[in-house]
Amino acid sequence: MNDRIEDPWGERTPYGPGERWPVRQDQLITGDVDDVAWVPTASVLHSNGDAMDLAVRDGRIVGVRGRPGDRVNHGRLGPKDLYGWQANHSPDRLTTPLVREGGALVPASWDTAMDLIVTRSKELDAERIGFYTSGQLFLEEYYTLAVLAKAGIGTPHLDGNTRLCTATAASALKASFGTDGQPGSYTDLDFCDAIALWGHNVAETQTVLWARMLDRRRGPAPPAMIAVDPRETPVTREADVHLAVRPGTNLVLMNALIRRLIERGWYDPDYVEAHTIGFADLRRLTAGYPVDRAAQLCGVPVRRIDQAAEILGTCKALVSTVLQGFYQSHQATAAAVQVNNVHLLRGMLGRPGAGVLQMNGQPTAQNTRETGADGDLPGMRNWANPAHLRELAELWNVDPGTLPQGQPTHAMEIFRKAEQGDVRMLWISATNPAVSLPDLPRIRRLLSRPGLFTVVQDIFPTETTELADVVLPAAAWGEKQGTFTNADRTVHLSEQAVRPPGEARSDLDIFLDYAARMDFRDRDGKPLIRWSTPEGAYEAWQACSAGRPCDYTGLGYDRLREGGVQWGGERLYSGGGFNTETGYCETYGQDLLTGEPQDEAAHRAKDPAGRAFLHAVPYQPPEEQPDAAYPMLLTTGRVVYHFHTRTKTGRVPELDRAAPRPWIELSAEDAERLAVSEGDLVRVETRRGAMEAPARITGVRPGTRFAPFHSGYWDTGTAGPPTAANEVTMTAWDPVSKQPLYKLSAARLVRV
Ligand SMILES: Nc1nc2c(c(=O)[nH]1)N[C@H]1C(S)=C(S)[C@@H](COP(=O)(O)OP(=O)(O)OC[C@H]3O[C@@H](n4cnc5c(=O)[nH]c(N)nc54)[C@H](O)[C@@H]3O)O[C@H]1N2
Ligand SMILES: Nc1nc2c(c(=O)[nH]1)N[C@H]1C(S)=C(S)[C@@H](COP(=O)(O)OP(=O)(O)OC[C@H]3O[C@@H](n4cnc5c(=O)[nH]c(N)nc54)[C@H](O)[C@@H]3O)O[C@H]1N2
Ligand SMILES: [Mo]
630 MNDRIEDPWG ERTPYGPGER WPVRQDQLIT GDVDDVAWVP TASVLHSNGD
680 AMDLAVRDGR IVGVRGRPGD RVNHGRLGPK DLYGWQANHS PDRLTTPLVR
730 EGGALVPASW DTAMDLIVTR SKELDAERIG FYTSGQLFLE EYYTLAVLAK
780 AGIGTPHLDG NTRLCTATAA SALKASFGTD GQPGSYTDLD FCDAIALWGH
830 NVAETQTVLW ARMLDRRRGP APPAMIAVDP RETPVTREAD VHLAVRPGTN
880 LVLMNALIRR LIERGWYDPD YVEAHTIGFA DLRRLTAGYP VDRAAQLCGV
930 PVRRIDQAAE ILGTCKALVS TVLQGFYQSH QATAAAVQVN NVHLLRGMLG
980 RPGAGVLQMN GQPTAQNTRE TGADGDLPGM RNWANPAHLR ELAELWNVDP
1030 GTLPQGQPTH AMEIFRKAEQ GDVRMLWISA TNPAVSLPDL PRIRRLLSRP
1080 GLFTVVQDIF PTETTELADV VLPAAAWGEK QGTFTNADRT VHLSEQAVRP
1130 PGEARSDLDI FLDYAARMDF RDRDGKPLIR WSTPEGAYEA WQACSAGRPC
1180 DYTGLGYDRL REGGVQWGGE RLYSGGGFNT ETGYCETYGQ DLLTGEPQDE
1230 AAHRAKDPAG RAFLHAVPYQ PPEEQPDAAY PMLLTTGRVV YHFHTRTKTG
1280 RVPELDRAAP RPWIELSAED AERLAVSEGD LVRVETRRGA MEAPARITGV
1330 RPGTRFAPFH SGYWDTGTAG PPTAANEVTM TAWDPVSKQP LYKLSAARLV
1380 RV
């Protein structure tokens, strides 16, 4: 194997259209291979779901290998997966509960810690208690949390960090197709003749998926490639057409592309007629977006938009992927939905090579959404549909009135309630908001409020555990059993390979312990939560999912032991029927400009009857615009070697060495104007705060800066200059999905 730090994608194994992607098994192991036991799992450092085995010797993980037979990766692994498991052994793992005493966190027994939490829970009304969870736990853990929060406590304040991540994927899928669930499959890459990457730096964020794309590009009859990104990245360098749009103009571009498809007749009128509603409005609205107007607003040449339109309009089988360049911007859902529109107009769904992936980011984000740990109702049920609420009440054997009614509280609102004193207990699991939420000065302030009781459940000390009242030590991936579902609906079973350190417990066991101590009961006085193992939780979830789009009933642990399986089959919507029946859909819809929910009568009046919605939305400029004081745009994102707030990858020597510090990207012409040289320490300032890092001169759009968001103060010690990008980002979100606008701040840059 070549050096996966030097070359994150590994050797090419070219293949042609309709052929099977060749196997290439990647492996990294310390010591002798012959004396290890192999334990199956899948990657938890991105959403691709790469299947792998952990090598175990003497009760310790000593390496990994990709699983050649798995449908997702055919044996390949990326740099984070090859090296990342070493974080499990970090000497500073949390091994006992901690409680705050006289200002400091001190070790305590599980009884002491849990008693504090239970006492506080019993003192407070349901609406005073909030839960903020993750996209990195296992399905069994989310489902248990969702049941205890909704039917045990009865609070509407439950959400995941998936709000920051793929809330827009869910919103866009629901808005167009009626429910969440990816229409496409990774195997579409084996058949397509065009790939469009909408705000997705797939080369750095899903390295194995990128390897599959590159292998098609190096084989016979390669697919064309379009990339939309204001920066130069490995993706944009490979693409045939790179649209380096000004941040915040995705919707203008999409409207112009759609106008072009319609005016050139590059659409399938029979498919549109039979399977969609809204075409006339879409045609009327996009007529206002001629290519030259878009070129001006987006800051890209007319010719390049025309080239992209021609590829989209004339290809035979298109794969689109959409991610944070679209989702973390204003009008996020409106823009993401236009990608669905392109596929609907061209009938590019439900057949080999034609698919949309409204991507996930975190490894288990799909499950947060499916199980309702993001606040939605479990099983892609509709919170506004009383029949769906009754189904759940029946299943859990509780009175429907005990479940929270109405719209669930989204994460940004939960934090606002904590700031205002409406939420008095906040239980944070497997996420590090003191680095990952926008406007960190505000987040630190509100998490430190004396009136707020904060529980933080993590595997390491973090910027967030530092602010907690109680810290609970969790078992990590590899130390517990459970399932999770990747971005193309493939479900993997992850087995327990080793024991957790010290007194750390699985997140499932922690939630079960809490439910038992709270003595949650059903209508007949029996325990509300009747399972005590991962498989028991999974079986309860299977029953909950029955008859819904994400039906897991055929996918028991035994079946998953044979390898990853997709729920819903290879592709959704093959027959052209969508999940938009009023009684079945997950949402009655929202105004995509304002986010205002529509009611059942409005949905019924449209009579979608299994047809998909073509939504038309006018562009509005972002609220925060560059001005004299803050003349440029800052956008933020990821680098290939690090995962989020670096709690794992920062503890892995190979990965830490590859990118020990953040940086700030600017174009050569801006650097010259500002007299900044490569490596100079620079400072980005916004109305919220400042961050400092060395300058990097790159192919980013002039007028735009980019900073990775990975580094909290844990990296540098509290005394150092601020390195987290979220010191400068703002508290603002897409009105439909409520996903924050990490990709868009007016800022200025100064040399330090
Ligand atoms: N190495 C690594 N891989 C990861 C992760 C990680 O932390 N590290 N995290 C995982 C998770 S949770 C997620 S959500 C995914 C995210 O995966 P991506 O979405 O691919 O990652 P980002 O870097 O956040 O954003 C993608 C691109 O959006 C571009 N962009 C910025 N502003 C705009 C804009 O206005 N319009 C357009 N069109 N593009 C814009 C940025 O320049 C960036 O290159 O990655 C997953 N995989
Ligand atoms: N500026 C800016 N900010 C962003 C983004 C951006 O692009 N730009 N992206 C956003 C996105 S897409 C995301 S997904 C978020 C990610 O933001 P976070 O979720 O805050 O990031 P992580 O560092 O992954 O935090 C996960 C935490 O869970 C812990 N953990 C890991 N495994 C387990 C486990 O099994 N059990 C428990 N209990 N704990 C565990 C880790 O140690 C870590 O502290 O950041 C968001 N913030
Ligand atoms: Mo994410």
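Numbering (my numbering), first residue to last: 630 to 1381. Glycine included, every Cβ here is placed at the ideal spot set by N, Cα and C.
- Classified as buried, P1237 has 16 or more neighbouring CB atoms from the shown chains inside 10 Å of its CB.
- Of all alpha-carbon atoms in A856, L941, D935, D663, the one lying nearest the alpha-carbon of V920 is that of D935.
- For G695, the enclosing beta strand (DSSP E) stretches over residues 689 to 695.
- Short of 6 Å from the beta carbon of D699, and not among the five residues preceding or following it, lie these beta carbons of its own chain, in chain order: A680, G1192, G1193.
- Annotation: the continuous alpha helix (DSSP H) that includes A923 extends over 920 to 927.
- For G783, the closest alpha carbon among the candidates A823, K751, R641 is that of K751.
- Leaving aside the five residues that flank V1085 on each side, the residues in its chain whose CB is nearer than 6 Å to its CB run, in chain order, I1057, T1093, T1094, A1097, V1100.
- A contact between stretches requires three or more CB pairs, one per stretch, nearer than 8 Å, and the segment 1171 to 1181 meets this requirement with the segment 1000 to 1018.
- Between the alpha carbons of T1278 and H829 lies a gap of roughly 21 Å.
- As the crow flies, the alpha-carbon of D1051 is around 55 Å from that of R649.
- The beta carbon of T1182 sits closer than 6 Å to those of Q1171, A1175, all from its chain and outside the five residues before and after it, given in chain order.
- Boundaries of the beta strand (DSSP E) around S1058: 1054 to 1058.
- With respect to the 8 Å criterion, G979 and R1200 are classified as neighbours on the basis of their beta carbons.
- When secondary structure is reduced to three states using DSSP, W1170 falls in the helix class.
- For G1266, the shortest C-beta to heavy atom distance toward ligand 3 is 7 Å or greater.
- Bridge partners of G984 according to DSSP: V948.
- A distance criterion of 7 Å places the beta-carbon of Q995 beyond contact range of ligand 3, judged by its closest non-hydrogen atom.
- Assignment of beta-bridge partners to Y761 by DSSP yields D788, I1057.
- Annotation for C1179 indicates a beta carbon at 7 Å or more from all heavy atoms of ligand 3.
- Around the C-beta of A1104, 16 or more other C-beta atoms lie within 10 Å, and the residue is accordingly described as buried.
- With a minimum length of 4 residues, the unbroken runs of alpha helix (DSSP H) contained wholly in the segment 777 to 839 fall at 791 to 794, 796 to 806, 817 to 820, 831 to 834.
- A straight-line Cα-Cα distance of about 57 Å links R1150 and A868.
- Look at P859: its beta carbon is at least 7 Å from all of the heavy atoms in ligand 2.
- Collapsing the DSSP output to three states places R1010 in a strand.
- Between the alpha carbons of D1187 and E1168 lies a gap of roughly 12 Å.
- Look at D754 here: in three-state DSSP terms it is coil, with no helix or strand label.
- Where H1121 is concerned, the enclosing beta strand (DSSP E) starts and stops at 1119 to 1123.
- Secondary-structure assignment with DSSP links W1025 through no beta bridge to anything.
- Taking C-beta atoms under 8 Å as the contact rule, V691 and G660 qualify, at a distance of about 6 Å.
- Here the segment 957 to 973 makes no contact with the segment 919 to 933; the two share fewer than three CB pairs at distances below 8 Å.
- Between T1211 and H1244, the CB-CB gap reaches or exceeds 8 Å.
- Cα atoms of D1117 and Q1110: separation of roughly 21 Å, rounded to the nearest angstrom.
- Residue burial annotation: I1293 is buried, with at least 16 other C-beta atoms found within 10 angstroms of its C-beta.
- Annotation: V857 to H1039 spans about 29 Å, alpha carbon to alpha carbon.
- The Cβ atoms of P1331 and D1299 lie closer than 8 Å to each other.
- Rounded to whole angstroms, the separation of the alpha carbons of V1311 and A850 is 46 Å.
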